[in-house]
Ligand code: HEC
Ligand code: HEC
Ligand code: HEC
Ligand code: HEC
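Numbering (my numbering), first residue to last: 4 to 420.
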């Protein structure tokens, strides 16, 4: 069974495409960006209705322009809220500031913008699919394979690892762009993300059908969730490496759990957390990218001890401003191992669910960021079978407990389980 899955993944080119160097993100790659107008004609991706005659729906532009939040991301920079944030940061405005455009538009360098490119298009097709300079003409040729398109500069949004890097670059932060505490302090909302949930939340402009399955990497939600969690963990470590050891008295605070600093003093909610292992008064790292790897380790390897020890060590070395490289290396090694296990054998959704529920019952998710990840995972895992329908009242109750992070009460959350 395991071997069959491995062979299947091999035949889908999974390892070939993921073991090599990761492709550059569309924003930083070499290709020219031709602009949304180049994709939007009614015979290309601008059909009003989905079509059957070709492999893709051809209404991608219409879905994106009418339903997708990415289309409006540049417009957001013109809002009063954005102007307020910009003013607080001492910027003349938001819609011309690279620090905002980097995540709210397809902010490629000036010499990568072709004549029809407009920054006001927001997060257009090429912000995710890569500059179309070399694939625009060829990618409709039926003899052209998905791999050929990728060789021509199409970004592999189908692969979990590369899709995660893409989405995380704006939704979690990236070595070169980050929603810093300065931006948050100026009024920017906190960012929270989970790959599979957000993939489902983004109005789909693709269907995974027979053609798709033949040409592209695909997997069920649990596998995407598990691989997405591993990528989130890896991204957290990269951010810690690039943004924490800056030598400033205060490192980049957005990498810590916001609520470990921000709550009224009268609202005493500190409790000893085995997962974190820090004393009262300590600032905790935001471990949203690590917390779900605990149940995943339990299900895939029978124990999460090693992982939890390494994660605690990372919290402690950060808190004590000691060298973190050993704990980071250990976590990376464990994540690589988990990654291999997921590819060999899909984690069992029932076991995952019961592990996460047990942790929630034990009060292991007393930080909002951890509770948020748990809720997204539970919702996803309930989608299997008829669990979701049967438990809809209970799910509502769970969502209610995380509806407002400012009044989140870990004991109320725990009592739901
Ligand atoms: C270039 C940066 C960028 C990339 C890449 C990106 N996003 Fe976004 N995304 C944003 C911004 C900015 C918003 C908020 C737009 C607004 O409301 O103005 C957003 C909004 C969303 C929303 C709506 C969220 C809500 O609260 O309604 C979803 C869902 C989403 N993104 C999913 C994804 C997924 C999945 C990927 C990867 C395939 C991705 N995004 C890639 C920047 C990006
Ligand atoms: C690291 C990427 C990143 C940077 C940098 C960034 N944003 Fe955002 N911003 C996002 C994402 C992602 C969202 C959507 C969050 C969600 O809904 O999950 C968002 C949401 C917002 C919202 C709320 C939109 C809504 O619909 O509620 C505003 C306003 C905003 N950003 C303005 C700005 C401004 C102004 C700047 C520059 C000072 C900026 N952003 C810089 C990624 C970023
Ligand atoms: C926020 C990122 C994002 C944006 C913006 C975006 N896409 Fe996509 N697109 C995806 C993801 C993720 C997939 C699914 C994975 C895949 O098939 O590569 C996808 C799939 C597709 C597919 C493949 C469908 C199939 O059946 O193989 C087409 C075609 C496509 N997008 C066209 C567009 C066009 C045209 C635009 C602009 C109007 C656009 N996309 C904007 C992320 C994005
Ligand atoms: C190490 C502690 C610490 C962490 C962690 C932290 N902050 Fe802050 N934050 C501060 C301090 C200190 C200020 C400045 C408060 C003041 O000026 O009164 C501040 C200010 C702010 C403000 C402006 C408040 C105001 O009164 O105008 C916002 C908003 C904010 N932080 C959001 C966040 C978010 C979102 C996160 C998590 C991503 C976060 N903070 C993480 C310590 C922290």
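Cβ atoms here follow ideal geometry from the backbone N, Cα and C, with glycine treated the same way.
From residue i to residue j, what distance separates their C-alpha atoms?
i: residue 236; j: residue 81; result: 33 Å
i: residue 290; j: residue 205; result: 24 Å
i: residue 59; j: residue 181; result: 34 Å
i: residue 98; j: residue 106; result: 11 Å
i: residue 254; j: residue 240; result: 15 Å
i: residue 266; j: residue 150; result: 50 Å
i: residue 276; j: residue 78; result: 42 Å
i: residue 326; j: residue 279; result: 18 Å
i: residue 341; j: residue 305; result: 12 Å
i: residue 202; j: residue 179; result: 23 Å
i: residue 259; j: residue 197; result: 18 Å
i: residue 119; j: residue 372; result: 41 Å
i: residue 385; j: residue 249; result: 42 Å
i: residue 252; j: residue 96; result: 29 Å
i: residue 242; j: residue 413; result: 27 Å
i: residue 361; j: residue 369; result: 13 Å
i: residue 274; j: residue 283; result: 8 Å
i: residue 108; j: residue 233; result: 27 Å
Residues in the same chain with beta-carbon distance under 6 Å from residue i, minus the five sequence neighbours each way, listed in chain order, please.
i: residue 115; result: 35 and 36
i: residue 57; result: none
i: residue 166; result: 160
i: residue 136; result: 34 and 35
i: residue 404; result: 415, 416 and 419
i: residue 142; result: 152
i: residue 124; result: 39
i: residue 376; result: 291, 294 and 295
i: residue 168; result: none
i: residue 379; result: 197 and 200
Excluding the 5 residues preceding and the 5 following residue i in the sequence, name in chain order all residues of the same chain whose CB lies nearer than 8 Å to its CB.
i: residue 32; result: 26, 133, 134, 156 and 158
i: residue 209; result: 59, 60, 63 and 215
i: residue 313; result: 330, 333, 334 and 337
i: residue 400; result: 419
i: residue 321; result: 243, 247, 288 and 327
Excluding sequence positions up to five away, which residues of its chain have a Cβ less than 7 Å from the Cβ of residue i?
i: residue 199; result: 224, 227, 228, 231 and 383
i: residue 238; result: 171, 175 and 292
i: residue 367; result: 278
i: residue 66; result: 206 and 208
i: residue 173; result: 106
Are the C-beta of residue i and some C-beta of chain D separated by less than 8 Å?
i: residue 378; result: Looking for chain D here will not work: only one protein chain is present.
- Query: Does the segment 340–357 come close enough to the segment 287–303 that 3 or more CB-CB pairs lie under 8 Å?
  - Reply: Yes, they touch.
Under 5 Å, CB to any heavy atom of ligand 4. Which residues pass, going along the chain? 187, 188, 193, 256, 257, 259, 261, 264 and 286
With contact counted as at least three CB pairs below 8 Å, one residue from each stretch, are the segment 87–97 and the segment 188–207 in contact?
Contact between the segment 87–97 and the segment 188–207 is present: 3 or more CB-CB pairs across the two stretches fall below 8 Å.
Curious, which full-length beta strand (DSSP E) runs of at least 3 residues does the segment 302–341 contain? none
* Please specify which runs of the alpha helix (DSSP H), each continuous and at least 4 residues long, are wholly inside the segment 103–182, giving them in chain order. => 128–132, 149–154 and 163–174
**Request:** Assess, as a yes-or-no matter, whether the segment 121–131 is touched by the segment 68–75 under the definition of 3 or more beta carbon pairs within less than 8 Å.
**Result:** yes
Inside the segment 199–225 only - beta strand (DSSP E) runs reaching at least 3 residues | Within the segment 199–225, there are no complete beta strand (DSSP E) runs of at least 3 residues.
Please give the ranges of any alpha helix (DSSP H) in the segment 360–399, keeping only runs that are unbroken, at least 4 residues long and fully inside the region. 371–385 and 390–393
Worksheet item: At which residue ranges does the segment 29–104 contain complete alpha helix (DSSP H) runs of 4 or more residues, listed in the order of the chain?
Response: Here the runs fully enclosed are 63–70, 76–79 and 83–91.
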